[in-house]
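Novice: Residue numbers (the numbering used here): -9 to 69.
Below you'll find the structure I mean.
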């Protein structure tokens, strides 16, 4: 399973939310308001982007995906 979507759920108990912890491992750790943009390599259908928007707010997110079949799904979910 590489990406998950549910209209009402954001916590899928998988590896996706682990990426959201990265800013807090800086020295000193980032405050939520300091995260002003994000790049995601392996965007798939947008699971991490959707969760990041819920945590960090409406920040610009650049997503990169090698599988062009995944991108229409991500666009529909994230827009």
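Just so it is clear, CB atoms sit at the ideal spot from N, CA and C, and this is done for glycine as well.
1. For the beta strand (DSSP E) that contains residue 29, what are its first and last residues?
2. Starting from the Cα of residue 58, find the closest Cα among 21, 39, 38, 33 and give me that residue.
3. Beta carbon of residue 39, beta carbon of residue 51: below 7 Å?
4. Between which two residues does the alpha helix (DSSP H) holding residue 40 run?
5. Would you mind stating whether residue 49 and residue 27 have Cβ atoms separated by less than 7 Å?
Specialist: Looking at the coordinates:
1. Numbered from 1 along the chain shown, position 39 holds the residue referred to as residue 29. Taken as a continuous stretch (DSSP letters only), the beta strand (DSSP E) holding residue 29 covers 28 to 31.
2. Here the question's residue 58 lines up with position 68 in the chain shown. Ranking the options by Cα distance to residue 58, first place goes to 33.
3. Within the chain shown, numbered from 1, the residue matching residue 39 stands at position 49. Within the chain shown, numbered from 1, the residue matching residue 51 stands at position 61. Closer than 7 Å, so yes.
4. Here the question's residue 40 lines up with position 50 in the chain shown. From DSSP, the alpha helix (DSSP H) with residue 40 extends over 37 to 46.
5. The residue you call residue 49 lines up with position 59 of the chain shown. The residue you call residue 27 lines up with position 37 of the chain shown. Yes, the pair counts as a contact, with Cβ atoms nearer than the cut-off.
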